[in-house]
Structures are given as C-alpha cells and as structure tokens.
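Some notes on the structure that comes next.
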Amino acid sequence: MAAVTNKQRYQNNKPNLVYLTKSGTLSDYPLDNPNYRQSIMEFLRLAESKFNVFYVRGTKKHLGNGIFSDGFEFKKGKFLRLKEKIYAKVVFNKAPLHCNGGKDWSVLNKWNLLFIMDNKYHTYKLLKKYMKPTYRIKNKSDFNRQIKKIKTKQVVFKPLRGSEGKGIIIADKKKIKNKLKSFNGILQDFLDTSSGVPGICKTRHDMRILLMNGRIVQTYIRIPKQGSLLANVAQGGKMLEIKKSAVPKKAIKIAFLIDKKIKRMGNRMYAMDFGFENGRPYVFELNPRAGFPYPQWKMYYHIWHKELLKTLMQCIK
C-alpha cells in the first residue's frame, strides 16, 4: 500500500473523522431507531465544527492504515455517498475494528481495549476484585466441575460476548443445566440487588457510569420490569437519570480505580454497570459501545455530545 501523508487525513484544514459502525445500510441499526437517529444526527452536526465527518459501515471497508474504501460524507444534515477512499485522522470505533491506529491516525476504543471489554471472562480477569466470582466454561464437563464452586442458590450464565442482556440465564443452581442451550460462556455467583442503591432506590437495579477519557459523563439506573431480573432497557427495563452527586462514593471510587487500569489502553469511551448488594457495589460488566443518549434524557443529552466531541479531539496526534 502506498504511503499516506498526514496532509491526506485533512480537508480544508480540518481532520477527517470516520464514525465506523457494523456493516449494513443507512436504514439499519442504529439509524433505524428514531431516538438514536436524532441523537446521532445532532452529534454529527456538532462534530462538523471540528472535523470533516464520514460515516462508514463495516470493518471490511478498512483497507489498512486508517484508509477506508468508501462510505458517506456527512454535510449539513445529509449523508452523501462516496466511492473514493477516505483517509481517517480519527476513527470512532463502534464496529469493532481490530486495530490500534498508527503513527499519524488514532482510534477511539482501540482493539486492545475491546479485547478486554468484549469478552466477559477477560473483563473478570482484569477486575475480579470488583466482581462476583466468575468461572469459564466451554462444555458440559466444565459446567459440571465449575457449578460446584457457585456459592449462591441462584446462578448466572452469560455468553462470552454479547450485550443488552441477550443470552443471559438466571436460575436455581440445581435447574440451570436443563435451561442451557450452550455451555460456552461463564458462570457467576448471583448478585442480589434487591436491597437497592443507597440513597437512590430500594429495588432491583443496575447502575451505569459512563466515562470518556477518565471523565464521568453520564450516570443512571435501570430497573427491571416486574417479574424480571434483567434491567437492560432492551429487556423492558426502566431507565432513570441520576445526578453524579447522588451516586454512592464507593462506586465513584471504584470507577476511577478501574479507569486507571484502562487508561493505558489509550483514548476511551465506555460504560461500567454496577449492582449493589447490601450496600456494596459490584461490577456487572464494561461496555465499550454504549448507545447515544435519547433526546428525552435531558440531564446529560447535550453534555454527552459535547464530551464525545472533546474526547475525539483528544485523539488527534
């Protein structure tokens, strides 16, 4: 591949930003969701003040060295189809792209970060101090051996990868085996969040803290629908924004301690999901692809966009 000059990664004295997401069309997720679409469009309009903005679908479009075969240019609220190459200065990595950037181009959420966060057992190995005991299983034999280590009456099975609560099974320790369609994943002690979050709620929950380059940008809790143990909004959970000042200090402290571990992986934007058991916060998981805020989430909506733009600007070498 021919050498790329730093100048090619700029147009009209502005750096080129590539928002890279999974393969698909303009009408596919996340733009098929009206709330996400409005939020993303508003952010892209804001980003135009600092970047030339491009929208690319699919990692196969990456030719290497931050060069993309084609995509869309975003101009004044419209996506314009491009068939020429795009030379990125910064890549907002939502795909995921298995790359850490180069000497004159950068990635927000590099592959070394995704390697940890996209694999629940890798996450546990890094953060076991803050999580419930977790055991890797690959088959029935592993299951039979590891289930004996579970100390809680209920046990949690999770696929190794995935989000939005998909594939998670919570069941009695003696019954879960018959509910599993796959034995490739992790087993965890059950985290009983029924006592709530101190000072915020008295019900089952999970609490999200979203960070961008070490700054807490958004905090909220999700409460499961009646009869469910999963609080994900995609599973019917209810979302409630909370002020950062209301978040228990124990969770804030853990969030910053974890981010110190993550900082070495470069520029980053990710969410930590917590559950409280008898006042003690535990980490459920880390999510490097937290969705854009909905317009009705007034507390952090505009702050979120401004902080993301700030974080992308910090990626420029």
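Everything in the sequence shown is counted per our numbering, starting at 786 for the first residue and increasing by one.
Even glycine gets a Cβ: it sits at the ideal position worked out from N, Cα and C.
Per-residue burial, residue i [other beta carbons within 10 Å of its own, 16 or more giving buried]
| i | result |
| --- | --- |
| LEU1093 | buried |
| PHE839 | buried |
| ILE1043 | buried |
| LEU805 | buried |
| ASN1052 | buried |
| ASN791 | exposed |
| GLY999 | exposed |
| ARG866 | exposed |
| GLY1076 | buried |
As assigned by DSSP and simplified to three states, the class of residue i
| i | result |
| --- | --- |
| MET826 | helix |
| PHE1105 | Past the edges of the chain, shown from 786 to 1102, lies residue 1105, and the structure says nothing about it. |
| HIS847 | strand |
| ASN801 | strand |
| TRP1082 | coil |
| LEU831 | helix |
| PHE1061 | strand |
| ILE955 | strand |
| TYR872 | strand |
| LEU816 | coil |
| ASP974 | strand |
| SER808 | coil |
| MET1098 | helix |
| ALA1056 | strand |
| PHE928 | helix |
Presumed contact (8 Å Cβ cut-off) between residue i and residue j, rounded CB distance
| i | j | result |
| --- | --- | --- |
| GLY851 | TYR821 | About 26 Å separates the two Cβ atoms, so there is no contact after all. |
| GLY984 | ALA1031 | 6 Å |
| PHE968 | ASN924 | 5 Å |
| VAL803 | VAL841 | 5 Å |
| LYS934 | TYR1067 | Their Cβ separation, rounded to whole angstroms, is 17 Å, which puts LYS934 and TYR1067 out of contact at 8 Å. |
Residue closest to residue i, alpha-carbon to alpha-carbon, out of the options
| i | options | result |
| --- | --- | --- |
| ARG1074 | VAL789, LYS846, LYS807 | LYS807 |
| ILE1101 | ALA832, LYS910, VAL892 | VAL892 |
| LEU1106 | TYR906, VAL1002, PHE942, ASN998 | No answer is possible for residue 1106: the residues shown for the chain start at 786 and end at 1102. |
| LEU1133 | MET1054, ASP974, GLN973, ILE954 | Residue 1133 lies beyond the range of the chain shown here (786 to 1102); nothing can be said about it. |
| HIS1039 | LYS1028, LYS1023, GLY1060, GLY1051 | In the sequence as displayed, the identity of residue 1039 is Ile instead of His. The shortest Cα separation from ILE1039 among LYS1028, LYS1023, GLY1060, GLY1051 belongs to GLY1060. |
| LYS987 | ARG1007, TRP1082, ASN878 | ARG1007 |
| ASP974 | ARG1065, GLN931, MET1054 | GLN931 |
| TRP1082 | LEU865, LYS1028, PRO918 | LYS1028 |
| GLN1099 | ASN894, ALA880, LYS936 | ASN894 |
| LYS1046 | THR908, PHE1069, GLU1026, PHE864 | THR908 |
| PRO1033 | PRO918, VAL789, ASN1063, GLY1076 | ASN1063 |
| LYS860 | LYS962, ASN837, ALA880, THR844 | ASN837 |
| MET1054 | HIS1090, GLY843, GLN796, ASP889 | HIS1090 |
| GLN939 | ASP927, LEU945, LYS962, ILE922 | LYS962 |
| LYS888 | MET1057, HIS990, VAL789, LYS1023 | VAL789 |
Assess, as a yes-or-no matter, whether the region 944 to 957 is touched by the region 990 to 997 under the definition of 3 or more beta carbon pairs within less than 8 Å. They do not touch, by the three-pair rule.
With three or more beta-carbon pairs closer than 8 Å as the criterion, would you say the region 883 to 900 touches the region 908 to 925? Touching, no, given that fewer than three Cβ pairs across the two stretches are closer than 8 Å.
Cβ contact (3+ pairs, closer than 8 Å) linking the region 846 to 865 and the region 880 to 894: With a cut-off of 8 Å, the region 880 to 894 and the region 846 to 865 count as touching, because enough Cβ pairs lie within range.
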